[in-house]
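A.B. asks: With my numbering as the guide, the letters of the sequence shown map in order to residues 216 to 358.
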Amino acid sequence: MKILVLNGPNLGRLDIRDSSIYGDLNYAELKSLIESAAQSHGFEADVRQSDDEATIIGWLHEAADEKLPVIINPAAFTHYSIAIHDAAELLTTPLIEVHLSNPMSREDFRHTSVISGVANGTIAGFGPNSYVLALIALKNLLQ
Ligand code: DQA
216 MKILVLNGPN
226 LGRLDIRDSS
236 IYGDLNYAEL
246 KSLIESAAQS
256 HGFEADVRQS
266 DDEATIIGWL
276 HEAADEKLPV
286 IINPAAFTHY
296 SIAIHDAAEL
306 LTTPLIEVHL
316 SNPMSREDFR
326 HTSVISGVAN
336 GTIAGFGPNS
346 YVLALIALKN
356 LLQ
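Here you go:
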């Protein structure tokens, strides 16, 4: 089954972000880890990243139209993008929110997610393994 794994702003630059917060993998390594974990759980993951809100909204529209399950790390958009919230609400398939870090243990402005309320669930704080756990959760939801 095809799924979309969407990544928001600055996740394409994990190579220069704080590795004590986001871990040691660069984006290409994260992408291939997600692709191979997805494959081992029976999914074909289309893993994408954009710094642009409109592009992410377009991908959510595509998922809604094609009825594709979605795993999303909205990155900073998590905390304020009502437009991504509204697009996520259009999905009739499962949506799982993931974060590499645990936003609840960080600055106050990261404590609000406008996405969590329209996701089936959120997995945060386990580094790249957050995505692997999300794939397991997704598989369970779809069984
Ligand atoms: C993040 C957490 C967000 O607060 C932050 O803006 C990010 C990454 C994470 O994966 O831990 O860019 O979504």
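Note that beta-carbon positions come from the ideal geometry of N, C-alpha and C, so glycine has one too. Given the structure is predicted, the values throughout are model-derived calculations rather than measurements.
#1: Taking only heavy atoms of the ligand DQA into account, decide whether any of them is closer than 7 Å to the Cβ of Asn344.
#2: Straight-line CA distance for Leu315 to Met216?
#3: Return the chain-ordered list of same chain residues with a C-beta closer than 7 Å to the C-beta of Leu283, the five sequence neighbours on each side being excluded.
#4: Please work out which residues of its chain come closer than 7 Å, Cβ to Cβ, to Val262, disregarding the five sequence neighbours upstream and downstream, and give them in chain order.
#5: Can you tell me which of the three DSSP states Gln358 falls into?
#6: Secondary structure at Ile311, three-state DSSP: helix, strand or coil?
#7: What's the gap between the Cα of Pro318 and the Cα of Ser328?
C.D. replies: Let me lay it out:
#1: Numbered from its first residue, the sequence shown carries residue 344 at position 129. False, no ligand heavy atom lies under 7 Å from that Cβ.
#2: Locating residue 315 in the sequence shown gives position 100, counting from the first residue. Locating residue 216 in the sequence shown gives position 1, counting from the first residue. Distance between the alpha carbons of Leu315 and Met216 is about 24 Å.
#3: Here the question's residue 283 lines up with position 68 in the sequence shown. So the list reads Lys217, Ile218, Leu219, Thr308, once near-sequence residues are dropped.
#4: Within the sequence shown, numbered from 1, the residue matching residue 262 stands at position 47. So the list reads Val220, Lys246, Ile249, Glu250, once near-sequence residues are dropped.
#5: As a first step, residue 358 must be located in the sequence shown, where it is residue number 143. Here DSSP, grouped into helix, strand and coil, assigns Gln358 to coil.
#6: Along the sequence shown, one-based indexing puts residue 311 at 96. Ile311 falls in the strand class under three-state DSSP.
#7: Taking the first residue of the sequence shown as position 1, residue 318 is located at position 103. Taking the first residue of the sequence shown as position 1, residue 328 is located at position 113. Their Cα atoms are separated by approximately 9 Å.
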